[in-house]
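Heads up: the structure comes next, in structure tokens.
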Amino acid sequence: MNYVRNAASRVPTVEIDDEPTTSQRTEDTLSSKILDGLRAAEFHVVYQPIVHAETRRLTGVECLLRWRHPQYGLLLPGSFISAFDNHEVAREASRFVLESACRQLSEAQRAGQVLPRVAVNIQPSELLGDTLSGDIAELTAQYGIDSSLLELELLESEDVSKLLSLQQFTHPLKQLGVRIALDDFGSGYSSLAALASIPADTIKVARGFLTRLPDSERACTLMNGVLDLLNKLGMTIVVEGVETAAQLEWLSRHENIHLQGYFLARPKATLAEAIAAC
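Take the sequence shown: its position 134, counting from 1, is numbered 134 in full-length UniProt numbering, and each next residue is one higher.
Printed below as a string of structure tokens:
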């Protein structure tokens, strides 16, 4: 869109320029490369354990997408997540991760391992579509696993809070027994009051809360307040980004919370390895 000045009226007018911007072309190219990469098996999933703060026993696993790019090597989601604003890319990537999770759960089940709940990150646009619950029902039936083992993580945002408060978007998933998690809580737009209307089962507390913990008394007071509130609301609590022994020791004093971070366990190549690690 270009702004031009009308010489006669001296009033700014607007011309529509259909030429895509450089950023638009870049995103379109990235989207295309991701779709090609998914078909060419350039993507894979790793599995990071989540443990109970007191017992250190495994209580869940998060699926994390990785791209083995033929030119740039291993890429983490931060390098390509902007392309997930494209609904086709978001759906294909979600389907890929969901199928990987179901396949790994099936293999662990056949091996006789105790199955943890597995969390898969999805985009808000997936809730608006009419295929997500169908994909989950199809994949869990195909691999012979219980759909209640799946949890869908949505990054906290204003749009997500509004979507989750509308039951028609979550009801089909709840019927399947799929849990909903609000990821990175405390870093986005949701107010504490919004928790009353959001049907999330799990809240993942943002790693930013740990930055000054346990050295700062104010940081400890804030975290205590957040954990106490979420506990009283009956939500499952996962604290992300545990990176030091001091953080782990402080958090371990709290009941009914779960922890995730590199200090506890790095992502594993398979679900079986993640289960065996804890």
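No residue lacks a Cβ here, since even glycine has one placed at the ideal position from N, Cα and C.
Where the alpha helix (DSSP H) through residue i begins and ends
i: G60; result: Not the alpha helix (DSSP H): G60 falls in the beta strand (DSSP E), residues 58-69.
i: P124; result: 124-128
i: P172; result: 167-175
i: D135; result: 132-143
i: I275; result: 271-276
i: E249; result: 245-251
i: L210; result: Run containing L210: none; DSSP gives neither H nor E here.
Where residue i falls, given that 16 or more other Cβ within 10 Å makes a residue buried
i: S197; result: exposed
i: L232; result: Here residue 232 turns out to be Lys, not Leu, going by the sequence shown. By the neighbour-count rule (16 or more Cβ atoms within 10 Å), K232 is not buried but exposed.
i: N86; result: buried
i: A269; result: exposed
i: residue 282; result: With the chain running from 1 to 278 in the structure shown, residue 282 is simply not present.
i: R57; result: exposed
i: Q123; result: buried
i: L74; result: exposed
i: R253; result: exposed
i: R10; result: At R10 the pLDDT is 40, less than 50, meaning the model places this residue with poor confidence; the figure from the coordinates comes in the next sentence. That one is exposed.
Terminal residues of the beta strand (DSSP E) in which residue i lies
i: K232; result: Taken as a continuous stretch (DSSP letters only), K232 belongs to no beta strand (DSSP E), being part of the alpha helix (DSSP H) at 217-232.
i: F43; result: 43-52
i: A181; result: 179-185
i: A206; result: That residue, A206, is in no beta strand (DSSP E); it is neither H nor E in DSSP.
i: I257; result: 257-259
i: L75; result: 73-75
i: L152; result: 150-155
Distance, residue j Cα to residue i Cα
i: Y248; j: L182; result: The sequence given here has Leu at residue 248, not Tyr. Taking the straight line joining both Cα atoms gives about 22 Å.
i: L148; j: G177; result: Leu is not the amino acid found at residue 148; the sequence shown has Ser there. C-alpha separation (whole angstroms): 4 Å.
i: P145; j: C220; result: Checking the sequence shown, residue 145 turns out to be Ile, not Pro. Each residue's Cα considered, the two are about 40 Å apart.
i: R39; j: D215; result: 48 Å
i: E19; j: A90; result: The pLDDT assigned to E19 is 45, lower than 50, so where the model puts this residue is not dependable; a value taken from the coordinates is nonetheless given after this. Between E19 and A90, the C-alpha separation is close to 25 Å.
i: R218; j: I50; result: 26 Å
i: L271; j: Q104; result: 6 Å
i: E153; j: L259; result: 16 Å
i: R95; j: G225; result: 37 Å
i: D130; j: E273; result: 34 Å
i: Y143; j: C102; result: 6 Å
i: Y192; j: I203; result: Position check: residue 192 holds Leu in this sequence, whereas Tyr was assumed. Distance between the alpha carbons of L192 and I203: 12 Å.
i: K33; j: S82; result: 13 Å
CB-CB length for residue i against residue j, believed under 8 Å
i: F80; j: L30; result: 6 Å
i: G60; j: A111; result: Not quite, the Cβ-Cβ distance comes to about 18 Å (not below 8 Å), so this is no contact.
i: I180; j: A194; result: Wrong, their Cβ atoms sit about 14 Å apart, outside the cutoff.
i: V160; j: V205; result: Their Cβ separation, rounded to whole angstroms, is 16 Å, which puts V160 and V205 out of contact at 8 Å.
i: E88; j: L139; result: At roughly 19 Å, the Cβ-Cβ gap does not stay under 8 Å, so E88 and L139 are not in contact.
Q. Any contact of the segment 57-76 with the segment 33-45, i.e. 3+ C-beta pairs under 8 Å?
A. yes
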